[in-house]
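Peer 1: Respectively, the protein sequence lines represent chains A and B. Counted from 1, the first sequence has number 192 at position 182 by this note's numbering; the numbering is strictly sequential. Counted from 1, the second sequence has number 171 at position 161 by this note's numbering; the numbering is strictly sequential. Backbone N, C-alpha and C fix where the C-beta goes; we use that ideal spot for every residue, glycine too. Predicted model only: the values in this text are computed from it and were never measured.
Protein chains: 2
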Amino acid sequence: MLNQNDKNAPVRVGIIGLGTVGQGFLRLLLKNREILRERLGFPLTLGGVCEKNPVTLKGLSLPPDCVTYRDWEEMVRDPRISLVVELVGGLDPARTLILEAMKVGKSVVTANKALLAKHGEEIFGSAAAHGVDLGFEASVGGGIPILRTLRESLAGDRIVRLAGIINGTANYILTRMSREGLEFETVLAEAQRQGYAESDPTFDIDGIDSAHKIAILAAMAFGSPVTLEEIPVEGIRHIKPIDLEFGKEFGYVLKLLGIAADHGDSLDIRVHPSFLPEHSLLAEVDGVFNAIELSGQALGPLLLFGRGAGGDPTATAVMGDVMECARGIYHASRAQVPALGFPFSGRIKKALRPLSAIYSEYYLRFMAQDQPGTLSYLAGVLGDRGISIESVIQKGRDRGGSVPVVVTTHRATESQVREALGIIDASVHVTEKTVVIRIEDVSMEGSLS
Amino acid sequence: MLNQNDKNAPVRVGIIGLGTVGQGFLRLLLKNREILRERLGFPLTLGGVCEKNPVTLKGLSLPPDCVTYRDWEEMVRDPRISLVVELVGGLDPARTLILEAMKVGKSVVTANKALLAKHGEEIFGSAAAHGVDLGFEASVGGGIPILRTLRESLAGDRIVRLAGIINGTANYILTRMSREGLEFETVLAEAQRQGYAESDPTFDIDGIDSAHKIAILAAMAFGSPVTLEEIPVEGIRHIKPIDLEFGKEFGYVLKLLGIAADHGDSLDIRVHPSFLPEHSLLAEVDGVFNAIELSGQALGPLLLFGRGAGGDPTATAVMGDVMECARGIYHASRAQVPALGFPFSGRIKKALRPLSAIYSEYYLRFMAQDQPGTLSYLAGVLGDRGISIESVIQKGRDRGGSVPVVVTTHRATESQVREALGIIDASVHVTEKTVVIRIEDVSMEGSLS
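1) Below 8 Å CB to CB, which residues in the same chain sit around Asp253 (chain A) once its five sequence neighbours on both sides are set aside?
2) Closer than 8 Å, Cβ to any Cβ of chain B: which residues of the region 44-59 of chain A, in chain order?
3) Tyr340 (chain B) by DSSP, collapsed to three states: which one?
4) Are three or more beta carbon pairs between the region 238-258 of chain A and the region 212-226 of chain A nearer than 8 Å?
5) Should Tyr369 (chain A) be labelled buried (16 or more other beta-carbon atoms within 10 Å of its own) or exposed?
6) Using a cut-off of 8 Å between C-beta atoms, extract the partners of Gln346 (chain B) located in chain A.
7) Taking all protein chains shown into account, do 16 or more other C-beta atoms lie within 10 angstroms of the C-beta of Gln204 (chain B), making it buried, or fewer, making it exposed?
8) Under 8 Å between beta-carbons, which chain B residues line up against Gly85 (chain A)? List them in chain order, please.
9) Along the region 361-390 of chain B, what residues have a CB closer than 8 Å to any CB found in chain A?
10) Based on the DSSP output, what are the partners of Glu303 (chain B) in its beta bridges?
11) So what does DSSP say about Ala422 (chain A), is it helix, strand or coil?
12) Should Asn63 (chain A) go down as buried or exposed, given a rule of 16 or more other Cβ atoms within 10 Å for buried?
13) Asn42 (chain B) touches chain A at which residues, Cβ-Cβ below 8 Å?
14) Would Ala139 (chain A) and Thr120 (chain A) be called neighbours here (beta carbons separated by less than 9 Å)?
15) Excluding the 5 residues flanking Val391 (chain B) on each side, which residues of the same chain have their C-beta closer than 7 Å to its C-beta?
16) Let me know the secondary structure DSSP gives Gln33 (chain B) once reduced to three states.
17) For Leu267 (chain A), I'd like the list of residues in its chain whose CB is within less than 6 Å of its CB, leaving aside the five on either flank, ordered along the chain.
18) For a contact defined as C-beta to C-beta under 7 Å, what are the partners of Leu67 (chain B) on chain A?
19) Might you give, ordered along the chain, the residues of its own chain that have their beta carbon closer than 6 Å to the beta carbon of Arg43 (chain A), omitting 5 neighbours on each side?
20) Whose Cβ in chain A lies nearer than 8 Å to the Cβ of Gly316 (chain B)?
21) So, is the C-beta of Leu198 (chain A) closer than 9 Å to a C-beta in chain B?
22) Is His140 (chain B) helix, strand or coil by DSSP?
23) Considering only C-alpha positions, which residue in the set B:Trp82, B:Leu46 and B:Gly32 is nearest to Leu70 (chain B)?
24) Quick one: what's got a C-beta closer than 7 Å to Arg395 (chain B)'s C-beta in the same chain, skipping five residues either side?
25) Drop a sphere of 10 angstroms on the beta-carbon of Leu156 (chain B), count the other beta-carbons inside from all chains shown, and report buried for 16 or more, exposed for fewer.
26) Can you name the residues of chain B whose CB is closer than 7 Å to the CB of Ala325 (chain A)?
27) Secondary structure at Thr66 (chain B), three-state DSSP: helix, strand or coil?
28) For Ser437 (chain A), is the classification buried or exposed, using 16 other Cβ atoms within 10 angstroms of its Cβ as the cut-off for buried?
29) Could you please tell me which residues of the region 137-156 of chain A, in chain order, have their CB closer than 8 Å to any CB of chain B?
30) Pop quiz: Gly306 (chain B) and Val170 (chain B) are said to be a contact at Cβ under 8 Å. What is the actual Cβ separation, rounded to whole angstroms?
31) For Arg363 (chain B), which three-state DSSP category applies?
32) Whole alpha helix (DSSP H) runs in the region 173-234 of chain A with 4 or more residues, listed along the chain?
33) Would you kindly work out how many angstroms separate the C-alpha atoms of Cys335 (chain B) and Ile339 (chain A), rounded to a whole number?
34) Can you tell me where the beta strand (DSSP E) with Pro287 (chain A) in it begins and where it stops?
35) Which chain B residues sit within Cβ distance under 8 Å of Leu291 (chain A)?
36) Since Leu126 (chain B) meets chain A, which of its residues come closer than 7 Å, beta carbon to beta carbon?
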């Protein structure tokens, strides 16, 4: 196969896809050639590139012995290429080309979270079956080394819980809404103009991209296959500045979180906006930055923070993986660490806890009829379902009209809350559907304890 | 040699030193036996222990086939032990036993920062010469996976700058002094009673422990040997609550930092208390927690936060290294990644920039004669040396006595400042030696940009 032990033979990398990340990786590969060779002990060279669309290589020129392939099949089949870097994104042809490359014994590095979240089992299975390495650090958190941390550094501990701000676009929008009191639509439009949001921002703002990433993180942390369709997902489209304002009064900051916890017999994985205490570390992560915090049984808390997107940061993650795969090829020592950190077969699928069964604290904003007895009614319905109130803010008076009444609760199940709101929202005491935002119990502050 | 390919043969680990970290590691090894075997694909077993002092194993019992060695020589020479975990600490016999183990072809894992900072060149050289692996993740930042991040995840990028809160005891003391306005001595005494500080706290509070760690971090980040003696070190013994108070008025928090920057031709490595903007991420790291931030040329900023000490967190780092070394032994694929991330020989020693040549902003507290013209004198001397003032706070009046005059400056070299203070402190305008604290230019906030 492609193992090589000739001390002068370089490992030749083929890049498919020369978009932002592809060009970032190309830049690292060409610019840091000497340092890469020094660190690896053998040359890592650019064997070829393949890009369907016309692109301009900004400030880069391909070396003379780099092959330009017209289609990916050609590159994948070329025996001179020993390592394939897939940076085209999307489901197809990415899926096919990765599977084909593995079939001919080539290790693969990819940044494709959507593909891995959707077809991960097939792809991880293929890597295991063909004894090749699959690197995908760049698929979560850009340049933040969270996957290697889970797979290697913390492999001897049990991860109990993970929570992350893993979509920079959503975080940018929430940060600006909160700072400037602007409406969602206003900030989104501006973010699109400035290039912080895509022209079709659905994946980012509806939580789908975060779901892809939390699915990958959970699979690595807990050693269980995770099915994307099972994950409850809620985005930030419906968030109003008034709720960010009230949140501040309670000392909270709103973030779109991916959450994953291992309860032993079941997993709790979800994506939704969450209020966090303003002095927690995740609450301090603003703008386009990403951060992932986790808790290990022996380790305790750990937080990683950095740029979650962008060509250059993401390219460093691709390069870390490429170097590891290249070592495996050069030293004929591939596939010693399973791609997910757990052996592919033998994993046991744990059930996902339904959203109705999760426990949380809640922020509830009622638009209440401004009449005597309304608060007593609301408190009564909540109390009857076992939901106890932690605090209440009731502001302004509009006798005969409606006013916001904001309640934060102690821990209750989602089904208790939904049941109570079913009754309240159907009553004459409120004029609009009640706004519900979960409050995340963050125990990971850099506190004295 | 000790390579083994028998699919049933376990890799047998010997632990020397059963203190807090040793017992934490033992607990992980015994409690997570099944998960370790599953993840590795082969059994990792406890071959033996060696501990000179009488210890009580809390809630742990050694398996029947675990050998109890009377001295380390016996364990190191025993061919049944293929991997030595050194957790005795201190310089000797740690140094000798590590060198002896390597000499007979055994990989070594250690948490011994003092030893590596002092005798690193000898030990890394020996690992390279004997083709064994040396794991030392646990030597910096407890369970925070900063070394693997530098060695593998970011190996394709160039690290420009590192700064860290890498001593939990010092951070605990500064946090409490700042929150409660207490004197250094008061907090230290209480921290000693509560077990947050050692009975001899010198290494922690005088910055020596931080210097050990920043020496290791810098060597890995920049690929240059670093000599401990060259690093300027200043501890926190002299810090007064009044300076923490004035700092707050300027929006600063005081932290003991290890700092390392690569200026191309020279390195800037130092340990000293630094004022940080209160909303920077490092400023939010309180109590016994550690955090390391770094900046990569392509990566941009990255921050890792977690427990920097404690038996269990540190043991997870030891375990991550042990698993990696065990794979190398089992698959006969040792020493594929050099211990420092760079090949041992061929590194070029970069000179350290002397403290006098560094640039910084400064906080200066003068105890000034409360007389007209004093501020004009101070500003004049500073201005004559090219130091421009950013802001001034002058509080209280004590006509004829002395009052604090606090000045923050724009960027200047340390030698400019020392020269100016030499003149001012010798003058009749001040009654005490001026307090100087560097203000760290932190560009790594989770900002919108």
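Peer 2: By the coordinates alone:
1) Leu264, Tyr373, Arg375, Val445 and Ile447, listed in sequence order.
2) Within the region 44-59 of chain A, the residues whose Cβ lies closer than 8 Å to some Cβ of chain B are Ile45, Leu46, Glu48, Arg49 and Gly51, listed in chain order.
3) Of the three classes helix, strand and coil, the one that applies to Tyr340 (chain B) here is helix, per DSSP.
4) Touching, yes, given that three or more Cβ pairs across the two stretches are closer than 8 Å.
5) Flag for Tyr369 (chain A) reads exposed.
6) Here the neighbours are Arg337, His341 and Ser343.
7) Looking at its Cβ environment, which holds fewer than 16 other Cβ atoms inside 10 Å, Gln204 (chain B) is exposed.
8) Contrary to the premise, residue 85 (chain A) reads as Met rather than Gly in this sequence. Under the 8 Å cutoff, chain B gives no residues; its nearest Cβ is about 21 Å from Met85 (chain A).
9) Under the 8 Å Cβ criterion, the region 361-390 of chain B contributes no residue.
10) Beta-bridge pairing links Glu303 (chain B) to B:Ala173 and B:Leu313.
11) Ala422 (chain A): strand per DSSP, three-state reduction.
12) The residue is exposed, with fewer than 16 neighbouring Cβ atoms inside 10 Å.
13) Going along chain A in sequence order, the residues near Asn42 (chain B) (Cβ under 8 Å) are Gly166, Asp167 and Arg168.
14) Going by C-beta atoms, Ala139 (chain A) is not nearer than 9 Å to Thr120 (chain A).
15) Counting only residues of its own chain and dropping the five nearest sequence neighbours on each side, Val391 (chain B) has a CB closer than 7 Å to the CB of Ala430, Ile433 and Ile434.
16) Correct three-state label for Gln33 (chain B): helix.
17) Closer than 6 Å at the Cβ level, and outside the excluded window around Leu267 (chain A), lie Ala173 and Ser284.
18) Ordered by position in chain A, no residue passes the 7 Å Cβ test against Leu67 (chain B), which lies about 16 Å from the chain.
19) Cβ within range, chain order: n/a, list empty.
20) Under the 8 Å cutoff, chain A gives Leu309, Gly310, Pro311, Leu312 and Leu313.
21) No - not a single Cβ of chain B is within 9 Å of the one on Leu198 (chain A).
22) Helix at His140 (chain B).
23) Closest option to Leu70 (chain B), Cα to Cα, is B:Gly32.
24) Closer than 7 Å at Cβ, skipping near neighbours: Gln426, Glu429 and Ala430.
25) Looking at the sequence shown, residue 156 (chain B) is not Leu but Ile. Classification for Ile156 (chain B): buried.
26) Under the 7 Å cutoff, chain B gives Ala308.
27) Coil, per DSSP.
28) That one is exposed.
29) Taken in chain order, the members of the region 137-156 of chain A whose beta-carbon sits within less than 8 Å of a beta-carbon on chain B are Glu147, Gly153, Ile154 and Pro155.
30) Going by Cβ atoms, the distance from Gly306 (chain B) to Val170 (chain B) rounds to 7 Å, so yes, they are a contact pair.
31) Residue state, collapsed to three classes: coil.
32) Whole alpha helix (DSSP H) segments, 4+ residues: 178-190, 194-204, 212-215 and 218-232.
33) So the alpha carbons of these two residues sit roughly 19 Å apart.
34) Counting along the chain, the beta strand (DSSP E) containing Pro287 (chain A) begins and ends at Ser276 to Pro287.
35) Within chain B, the residues near Leu291 (chain A) are Leu291, Glu294 and Phe315.
36) Here the premise fails: no neighbours, minimum Cβ distance about 18 Å.
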